[in-house]
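To start, the structure under review is shown below, and the notes come after it.
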Amino acid sequence: MTTPPLSPEQGESVLQHRFSLVELLDLGSFRELCESYAQLFQIGFKIFDDSKALLVDVKGSGGDFCAYLFSHPEGKSRCMREVATIRGMELTAAGPVEHVCFTGLRYLLVPILHEGSVLGKIVFGPYRAAQAVEPALSGLGEKFSQEAAQRLLDKVRQAKRKVVDKVVGHLVLVIESILHVGYKQALTARVHVEASTAGYAELQEKNRELRESYQRLKELDRLKSNFLATVSHELRTPLTSVIGYSEMLLEGLAGELSTEQREYVSTIMEKGEQLLDLITSILDFSRIEAGNLRLNQDQVDINEIVLSSVSTVMPMARKSGISVDCAVTETPLRLRIDGDKIRQVLVNLLGNAVKFSREKGLVRVQVGTGFFQADDDQNEGLPAALSLSQENFVTIAVSDSGPGIAPDKLNRIFDSFYQVDGSSTREHGGTGLGLAIARNLVEAHQGKIEVKSEPNRGSTFTVFLPLADRG
Amino acid sequence: MVQINLEQREVTLKIVYYGPALSGKTTNLEAIHKLLDPGLCGRLMELDTADDRTLFFDLMPVVFRTESGFTVKVKLFTAPGQVMHDSTRRIILKGADGVAFVADSQMHLHKSNSDSWRGLTKNLKANGLEIGKIPVVIQFNKRDLPNIRSDEEIAMMANNGKEPVFKAVATRGEGVIETLEGILREAWRSLDQNFNMEQKLRIGEESFIRHVIKTKPGSHVQGGGL
Numbered sequence: 014m015t016t017p018p019l020s021p022e023q024g025e026s027v028l029q030h031r032f033s034l035v036e037l038l039d040l041g042s043f044r045e046l047c048e049s050y051a052q053l054f055q056i057g058f059k060i061f062d063d064s065k066a067l068l069v070d071v072k073g074s075g076g077d078f079c080a081y082l083f084s085h086p087e088g089k090s091r092c093m094r095e096v097a098t099i100r101g102m103e104l105t106a107a108g109p110v111e112h113v114c115f116t117g118l119r120y121l122l123v124p125i126l127h128e129g130s131v132l133g134k135i136v137f138g139p140y141r142a143a144q145a146v147e148p149a150l151s152g153l154g155e156k157f158s159q160e161a162a163q164r165l166l167d168k169v170r171q172a173k174r175k176v177v178d179k180v181v182g183h184l185v186l187v188i189e190s191i192l193h194v195g196y197k198q199a200l201t202a203r204v205h206v207e208a209s210t211a212g213y214a215e216l217q218e219k220n221r222e223l224r225e226s227y228q229r230l231k232e233l234d235r236l237k238s239n240f241l242a243t244v245s246h247e248l249r250t251p252l253t254s255v256i257g258y259s260e261m262l263l264e265g266l267a268g269e270l271s272t273e274q275r276e277y278v279s280t281i282m283e284k285g286e287q288l289l290d291l292i293t294s295i296l297d298f299s300r301i302e303a304g305n306l307r308l309n310q311d312q313v314d315i316n317e318i319v320l321s322s323v324s325t326v327m328p329m330a331r332k333s334g335i336s337v338d339c340a341v342t343e344t345p346l347r348l349r350i351d352g353d354k355i356r357q358v359l360v361n362l363l364g365n366a367v368k369f370s371r372e373k374g375l376v377r378v379q380v381g382t383g384f385f386q387a388d389d390d391q392n393e394g395l396p397a398a399l400s401l402s403q404e405n406f407v408t409i410a411v412s413d414s415g416p417g418i419a420p421d422k423l424n425r426i427f428d429s430f431y432q433v434d435g436s437s438t439r440e441h442g443g444t445g446l447g448l449a450i451a452r453n454l455v456e457a458h459q460g461k462i463e464v465k466s467e468p469n470r471g472s473t474f475t476v477f478l479p480l481a482d483r484g
Numbered sequence: 155m156v157q158i159n160l161e162q163r164e165v166t167l168k169i170v171y172y173g174p175a176l177s178g179k180t181t182n183l184e185a186i187h188k189l190l191d192p193g194l195c196g197r198l199m200e201l202d203t204a205d206d207r208t209l210f211f212d213l214m215p216v217v218f219r220t221e222s223g224f225t226v227k228v229k230l231f232t233a234p235g236q237v238m239h240d241s242t243r244r245i246i247l248k249g250a251d252g253v254a255f256v257a258d259s260q261m262h263l264h265k266s267n268s269d270s271w272r273g274l275t276k277n278l279k280a281n282g283l284e285i286g287k288i289p290v291v292i293q294f295n296k297r298d299l300p301n302i303r304s305d306e307e308i309a310m311m312a313n314n315g316k317e318p319v320f321k322a323v324a325t326r327g328e329g330v331i332e333t334l335e336g337i338l339r340e341a342w343r344s345l346d347q348n349f350n351m352e353q354k355l356r357i358g359e360e361s362f363i364r365h366v367i368k369t370k371p372g373s374h375v376q377g378g379g380l
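Residue numbers (the working numbering), protein chains in the order written: chain F, 14 to 484; chain C, 155 to 380.
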């Protein structure tokens, strides 16, 4: 199987994707963390991504002061200029930059790095530098009160640069480890999705190949069945003449035969009939395989069929000194079946029973009724109580006193061309088609055939036929 | 394939550690992580299962800045060794600039080495890469174990092939830096030939190698090359 190439539109490997901050962070919980961090150190901060979008904005002790300035038009415009400057400042991986605002308050700008690339920046502040004196604010309008501003300014957290560096250092460390986890998850998920997609594509490809080869095999199988049917038919025609003319010779239509001639012609006829049986079996089987089996169903008493089948095999049984014990029911059991086909099944089973029974053995045939749970597809996976198709069946059991069948061979005996003794020196002849045909014929009647066997005690074949037509 | 972003002045190289299951690919990365200057190499990202076997991949970036202002990222990946992760291996190999094949020196693992190599060939092909054209070095790991292929045999076989061969005991950090240096050199030469790296980044091969392989002061690395 060839491995399908990765789709060309995914020119970039998932592993080379450059993730943005938003992709790596869970913004909701990250903002909560930032809130708590700002409360802890009383210094607020903002976080921008590399496209300068504001992701986080948490207020610290400088919030009230900034809000007061912002409430005056001139203060507001100066503040906004300051924010625009800070927002636009490009940071490199080299390190933090301190920015002093027009109020004298300070901000520390720190890059957020991931694998050496700047993914965004932290604008940490405002804070008051230690021992610094902030310039007096003027020109902010009439309503602006210097005293009020100063009161709020005094509340802004004062911190040494060393302390600020440390606090920001911790924040960076926290962010970096969150990014690491986020990166790990994002990569894992992407690789997982891509691997599953690739695996799925491979399976699809394999399925397609299997489907194609299945179709090919099915077609070949159909051709084989057709071939068998045609060949069997063509073989039968001349064979009928061979048997017919042999019969005429034996009847003396071409003059009296000597004892030796009679013996030879009898052998020709007997072997010809054997060959005809064989060809008929193959023809039956190939018809069944090709799906050309037609049933001529009619209301028939099964007891009659059983009795007539027994009488067919009686001469052969007598020859081997085997007795046949037949038990039919007292009242007629009328079934809608193809009598000829069921007779063919029973003759086959009885023939086998006689063939495999030991000398002076016993073959029993018993007709009865039974309860039988069909194990067809509609019952698959259902508990017995929920299963459908529990029906009354007629059972015909044929038991022999033969050598029995080994348990490991039991489930194969209905396979076509299977012989329990497949050796060239085997005792009993046959095509290995009889039971396969029997099973197919019984199944065509919605019935079932079962075998139970005990080595050295004999085997029992049971045919189940439904009493009434199904649904 | 190397990613060169002139606007952001960033260059990203991808090196993949490939090899049969349990041959020591992750151990190589762990050793490199221990030996290299922590200022340069980022966190080692390991995606392994409870039984220490790599589920998806491991990743460790080594990042440095050139005097000309370029950020150079060398990303070291390991591909999962277990047979069932073939599609993941293919994804990891996508766009690789070099492959360090970590073979198990033990005699009885010869077949898993060769199966893995064939897998590498097939998976590179699925990514439009070719085994003879992409830089590859081979590391014979686990030299400290008994019943291994002999030094003589490896030396002889190495002579017949074109891939540089290294010997290592990754658990002790021996030979891992040499292997890394080997694949970095091969990768750099190939990239320089195709993309004029020296001119673009204004650093030469030696400078590139020295930048990446800056070991921790005091860490002792034993030689493993042939």
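The beta-carbon is built from N, C-alpha and C at its ideal position, and this holds for glycine as well.
query, result
"Cβ closer than 7 Å: which chain F residues qualify as neighbours of GLN157 (chain C)?", "GLN29"
"With a 10 Å radius around its C-beta and 16 neighbouring C-beta atoms as the bar for buried, classify VAL64 (chain F) as buried or exposed.", "Before going on, a small fix: residue 64 (chain F) reads as Ser here, not Val. The residue in question, SER64 (chain F), is exposed, as its Cβ has fewer than 16 Cβ neighbours within 10 Å."
"Does the beta carbon of HIS205 (chain F) come closer than 9 Å to any beta carbon on chain C?", "yes"
"Does the Cβ of SER74 (chain F) have 16 or more other Cβ atoms within 10 Å, making it buried, or fewer, making it exposed?", "buried"
"I want to see whether chain C comes within less than 9 Å of ALA106 (chain F), judged by CB atoms only; does it?", "yes"
"From the DSSP output, which residues share a beta bridge with ARG10 (chain F)?", "Because chain F is modelled from 14 through 484, residue 10 (chain F) falls outside the range shown and cannot be assessed."
"If we ignore side chains and look at the alpha-carbon of each, how far apart do GLY315 (chain C) and ALA309 (chain C) end up?", "10 Å"
"In chain C, which residues lie with their C-beta within 8 Å of the C-beta of HIS193 (chain F)?", "ARG197 and MET199"
"List the residues of chain F that THR242 (chain C) touches, going by C-beta distances under 8 Å, in chain order.", "VAL204 and ALA208"
"Secondary structure at MET351 (chain C), three-state DSSP: helix, strand or coil?", "helix"
"Where do the ends of the alpha helix (DSSP H) carrying ASN305 (chain F) lie?", "Note, ASN305 (chain F): premise wrong, no alpha helix (DSSP H); not H, not E."
"List the residues of chain B whose Cβ lies closer than 8 Å to the Cβ of ARG219 (chain C), in chain order.", "Within the model displayed, chain B is absent; protein chains F and C are what it includes."
"Would you report the Cα separation of LYS59 (chain F) and GLU332 (chain C), rounded to the nearest angstrom?", "45 Å"
"If the criterion is Cβ atoms closer than 9 Å, does the pair LEU28 (chain F) and ILE158 (chain C) meet it?", "no"
"Please decide whether SER26 (chain F) counts as near chain C, where near means a Cβ-Cβ distance under 9 Å.", "yes"
"Just to confirm, is the Cβ distance from MET199 (chain C) to LEU200 (chain F) under 9 Å?", "yes"
"By how many angstroms is the C-alpha of GLN312 (chain F) removed from the C-alpha of ASP351 (chain F)?", "9 Å"
"Please report how far the alpha carbon of LEU446 (chain F) lies from the alpha carbon of GLY235 (chain C), in whole angstroms.", "52 Å"
"GLU264 (chain F) by DSSP, collapsed to three states: which one?", "coil"
"Hey, how far is the Cα of ARG272 (chain C) from the Cα of PRO109 (chain F)?", "50 Å"
"Could you check the C-alpha separation between ALA330 (chain F) and GLY374 (chain F) for me, to the nearest Å?", "9 Å"
"Alpha helix (DSSP H) containing GLN52 (chain F): first to last residue?", "40-54"
"Of all the options F:HIS85, F:TYR50, F:GLN55 and F:THR382, which has the alpha carbon lying nearest to the alpha carbon of LYS156 (chain F)?", "F:HIS85"
"For TYR213 (chain F), count neighbouring Cβ atoms within 10 angstroms of its own Cβ and tell me buried if that reaches 16, exposed if not.", "exposed"
"List the DSSP bridge partners of ALA382 (chain C).", "Examination of residue 382 (chain C) is not possible in this model, given that chain C is present from 155 through 380 alone."
"In whole angstroms, what separates the C-alpha of SER209 (chain F) from that of LEU216 (chain F)?", "10 Å"
"So is ALA161 (chain F) buried or exposed if we call it buried at 16+ other beta carbons inside 10 Å?", "exposed"
"Going by DSSP in three states, ARG371 (chain F) sits in which element: helix, strand or coil?", "coil"
"Who are the neighbours of LYS219 (chain F) on chain C, taking C-beta pairs under 8 Å?", "Within chain C, no residue comes near LYS219 (chain F); the closest Cβ sits about 13 Å away, beyond 8 Å."
"GLU284 (chain C) versus chain F: which residues are under 9 Å apart at the beta carbon?", "Going along chain F, no residue has its Cβ under 9 Å from GLU284 (chain C), so there is no contact; the nearest lies around 13 Å."
"I want to see whether chain F comes within less than 9 Å of THR166 (chain C), judged by CB atoms only; does it?", "yes"
"Hey, quick one: how far does the beta strand (DSSP E) through GLN293 (chain C) stretch, first residue to last?", "290-295"
"For LEU104 (chain F), I'd like the list of residues in its chain whose CB is within less than 7 Å of its CB, leaving aside the five on either flank, ordered along the chain.", "VAL110, LEU122, PRO124, VAL131 and LYS134"
"Should GLY197 (chain F) be flagged as near chain C, meaning a C-beta pair shorter than 9 Å?", "Correcting the residue identity first, residue 197 (chain F) is Lys in this sequence and not Gly. Closer than 9 Å: yes."
"Taking a Cβ distance cut-off of 8 Å, strictly less, list which residues of the region 246-270 of chain C are near chain F, in chain order.", "ILE246, LYS248 and GLY249"
"Which class does ARG119 (chain F) belong to by DSSP, given the choice of helix, strand or coil?", "strand"
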